[in-house]
Every structure is written in C-alpha cells, then in structure tokens.
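Notes to accompany the following structure.
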Amino acid sequence: MDQGTTRTKAVLFDENGQVAGLGSSAVPRILPRPAWVEQDPEVIWESVLRSTRIAMRAARCSPRQITAVGIANQGETVVAWNKSSGKPLYNAILWQCRRTADMCEKLKKAGLEPLIRRKTGLLVDPYFSATKIRWILDNVKGARQQALKGEALLGTSDTWLVWKMSDGRDFVTDFATASRTMLLGIHKLDWDDEILKMFRLPSKVLPELRSNSETSSYTDPRSFLGIDAPISGLIVDQQGALFGHGCYKQGDMKNTYGTGCFLLMNIGNLPRFSRHRLLTTVAWVINGKRNYALDGGVYVAGAAIDWLVGQLGLTPSPEQTSTISSSVKDTQGVFFVPAFVGLAAPYWESNVRGTVVGITEGTTSAHVVRATLEAIAYQVKELLDCMEADSQLKVRKLTVDGGPTGNPFLMQFQADISGIPIEVPSVREVTAQGAAFLAGLAVDFWENVEDLTRLRRIARVYRPKMSEESRTRLLREWKRAVAAARIWAREKPISN
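Once you know that position 129 of the sequence shown is 1242 in the numbering used here, the rest is easy, because the numbers rise by one and skip nothing.
This is the structure:
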C-alpha cells in the first residue's frame, strides 16, 4: 500500500520485484479554513479497500496468494479514534495543515527548538505530528478525557490502517514514521518523556514502536477482503522510496520529483546534524540495525511546470516542456527563481517570492520554459551540495522517481549541472516497492538486500555532458539570480 496525500495505490509485486497488479483510488481533501487541510479517516480506509480490489482483479490474484502486506504512509498526518467504537474523533489532520503555526512560534520564542532538534532531529514546524496531536486533545470535545482514560487512540495514518486491517487488534507504528512526529528520541529510539510532557501528551495514547521489517500484525480476513497475511513492512513514504531505490549504503541518495522535491541521503548508523538546517531522520530499522538519513526539500518543482501550463499558457502540457526547452540552445541569460512560497535550504527565507531576471527583447517563451526546468535542477543541486557538506560523503549518483523524471531535458540538465549520473528505475511505483521489499524481507520472500539489489532494473541513465567550466559559470549566475530575489524581498517599498 502507498497511502498518499491525494491518492491511495495498492500494488502487487511478484518474486522478481515487478508490478503484477495496480489499483488506485483518489482521496479528497477537506479545506475547512484557509491553511487547514483534513481528510475523512473512513474515506482513507475505503480507498485502501477499493485500490486493493482493483489491484487483485488486475493481477487475477486470490487472497490466498498474498504472502505479506507492506504499508507506506503519508507521514506526519494524524488520526484520532475511539478504541471501543472504532469511530474517528475528528478528521485526519494532514501534514500540509498549518493550523498549529502559532503553537510552533510560541515554542520557538520559548527557546525550545534547540532541545527538540537535538532529541528528534527535526525543526519545530506545523508539518510534524506533535502539535497536531496536541491540537486534537485541546480542541476536540471529550478527546483529552478519553485519552486519559485510555479510550482514545492517536497515531499517524499507518497506525490507523494497521488497526483497521487487523480488526482492532494492534496499535503500532514504525520507527521511521515515528521519527516524523517530533516525539521520538532518535538516539534511544523511544518516545521521549521530556517532549511528551512539554506537549502535555499522555504516553498511553501513542502506539507501540516496531522495526520497519518485522511482522507487526496480521490482517483479519473479515476486515480486509479475505486476506489473511502478516503486515510485515511499515515505513513513511519518502523513506520507503529511499529503500525502494536500493539506497542501502552510506552516501546513497534519491530524489522524488513532484509538486516539490524530496531529497534523502542514507548517512549510516549514526545520526548527523546539518549546518544547513536539513532534517535528520530515521531511514529504517531492520533486525535491530538502524540507518539514518538527511532530509531536504525543494518547495517548488513540478508546481512551476504546472504554472507554465495553467497560469501562463506557455505550453499546452507538462510533457511539451522538454521539446520546447530543447528548441533553444540556452536561456539567453534568463534565470527563474520559482520561490512561490519562499526559499528552503540553504536559505530558509519564507518571504522571498518568484523572480525572473535577465529578460531582453530577444527573450521568447521557449527561454522562459527552459529557465523553469533548469531552476528545478539548480535547486536540487544546491541541496546535493548541502548534503555532501553536512555528511562529508561524496555523492556518486542520484536515483530519481516522480512524474517529472519522464522529462528528458530536465533529467539531462540535472545530470549536467550536478556532475553525476541520474538513474531512472523501470518500476515507477518506487515508494510502494520499498514497502513491499521490507514486507517480503521479514517473511523470507526475499532473503537479503543483496537479493533486492539484483531485482532493481534501471530504465535509463543520464550522464553529465557539460564541461566543468560551464557548470561553474551557470551555478554562479544562478546564485546571482537567487541573491536578486532575496534583495527584492528584504528591500522595503519606496514611499511616495
């Protein structure tokens, strides 16, 4: 299962790690107020059932043929429900929701962020689960009273799904997902009592912790479409993609291109902290052995391509941007900084906005389209440099997934500006594959990670062709463009 933000995918994998059947079902979001984002937990569950039925029909697979179940979840999203009735106490609060921004600012002003970061590896932000859980206990009628009596259960979306699949037998989460809550001590791998007290959260409402590849529960055939199988793989989506990409060694890295970009690097069995304010997170725990990752994000990637299509109308479709970009030899000095919602690492300036520089009378729509694709690659390159500096590990290649990886121009330019090969795997459902690999390892469907490495198939490799001189020059000009955007954001308007 890949239970995502807007869609649930059920993917059946065979012994060769190939897709045998796939089902997909949309999950609508609920937007009750500006910056509030929710989903109905029962609708999430129905999407899991619907997607699984479709996948089984596509593969002509009976319930008895399913050996194990793995779940990749949307991460920091929180669900609360009554233990006896199984009914949600409130809608799921999604990772995108910003309702707890004021709570986070108070924590920062109180000087608590360094402590939280040291213990959890995370920055204080509404993105993570802790303040969402606190909000539910403080604002949903009866929630805190039920929690104190042990009648309420709160967890991330994987916890809800395991509970539903097992017909209420098991209340669990995995270490990687727990490391996204802002409540897990990533050194001891346990819920941190000091932080729980800080958030006024009773520990009894939180799930039991499990490794990412072990039998955590069993599906109940009455609840889950006749399937009687171990639930043996649990992981948060981006770490699932890291595992699916085969990034098992220190220094291995993947990038997921979507609305934004999510870049993760395996940094080995000890947590390292970033000077560029990247996140330190648990990658996975298997057979007692832990791996950590550095986690960095680009706010705007595919969203910039959508902007070209929807708002500007410079291209009829995202697919056409590759051909249009290749129709000109360069951008003629045009650079686009797509900071629609600010700049992430290494700048962390939320007030910067999108800026285009270098326009002349000779600038055409093709130059702007090309500058947009190049901007995505420049941002990823800057994160790569941050991760190399923080980890002191040399990046040898980058494995990628997501819709924009089907854009040949973008992928080639990413290889050129990064100076490393870019690998695109043949299996597109990399997050689901990571969850399946973890589930299969736990039940000996596959023996070890060496088996999994042999199963991976690469559809295409983009190798750098750009000279070092050109790369250095373009990166210097990109940084000038970013500097211009930052100056514009800092300068006060001239009064009349």
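Where a beta carbon is used, it is the ideal one built from N, C-alpha and C, also for glycine.
Bear in mind that the values here come from a model prediction, so they are computed numbers and not experimental data.
- The way I'd put it, the region 1488–1503 does touch the region 1448–1466; three or more beta-carbon pairs between them come closer than 8 Å.
- Exposure of Lys1402 is indicated by the presence of fewer than 16 other C-beta atoms within 10 angstroms of its C-beta.
- Gly1183 sits close to Ala1552, with the two beta carbons spaced by under 7 Å.
- In this structure Ala1139 is exposed. Its beta-carbon is surrounded by fewer than 16 other beta-carbon atoms within 10 angstroms.
- Cβ-Cβ separation between Thr1118 and Gln1178: approximately 30 Å, too far for a contact (criterion under 8 Å).
- Nearest neighbour of Ala1598 by Cα position, chosen from Phe1526, Ile1533, Asn1464 and Leu1523, turns out to be Asn1464.
- Annotation for Met1169: the continuous alpha helix (DSSP H) segment containing it runs Pro1154 to Ala1172.
- The region 1273–1284 and the region 1381–1392 do not touch, with fewer than three beta-carbon pairs separated by less than 8 Å.
- The residue from Thr1328, Leu1392 and Glu1218 with its alpha-carbon nearest to that of Pro1459 is Leu1392.
- Excluding sequence positions up to five before and after Val1543, its CB lies within less than 7 Å of the CB of Ala1354, Gly1357, His1358 and Asp1514, all in the same chain and listed in chain order.
- Relative to the Cα of Trp1461, the nearest Cα in the group Leu1225, Ser1270 and Ala1602 belongs to Ala1602.
- Rounded to whole angstroms, the separation of the alpha carbons of Ala1417 and Met1295 is 30 Å.
- Residues of the same chain with a CB within less than 8 Å of the CB of Trp1273, apart from the 5 flanking positions on each side, are Pro1154, Ile1157, Trp1158, Val1192, Trp1194 and Ala1205 in chain order.
- As DSSP reads the structure, Ile1143 sits in a beta bridge with Glu1151.
- Approximately 7 Å separates the beta-carbon atoms of Arg1293 and Thr1394; this is inside 8 Å, confirming the contact.
- Counting along the chain, Leu1220 sits inside the alpha helix (DSSP H) bounded by residues Ala1214 to Lys1222.
- Per DSSP, the unbroken alpha helix (DSSP H) holding Val1275 starts and ends at Ser1270 to Met1278.
- If you ignore the 5 residues before and after Met1216, its C-beta comes within less than 8 Å of the C-beta of Pro1239, Thr1244, Arg1247 and Trp1248, all in its own chain and listed in chain order.
- Straight-line measurement puts the Cα of Val1481 at about 35 Å from the Cα of Ser1137.
- Ranked by Cα distance from Asp1350, the first of Phe1288, Val1413 and Asp1557 is Phe1288.
- For Asp1503 and His1389, the gap between their C-alpha atoms comes out near 8 Å.
- The beta strand (DSSP E) runs of length 3 or more contained entirely in the region 1280–1360 are, from start to end of the chain, 1285–1287, 1321–1323, 1326–1331 and 1343–1349.
- Trp1194 carries a strand assignment under DSSP once its states are collapsed to helix, strand and coil.
- Classified as buried, Lys1277 has 16 or more neighbouring CB atoms from the shown chains inside 10 Å of its CB.
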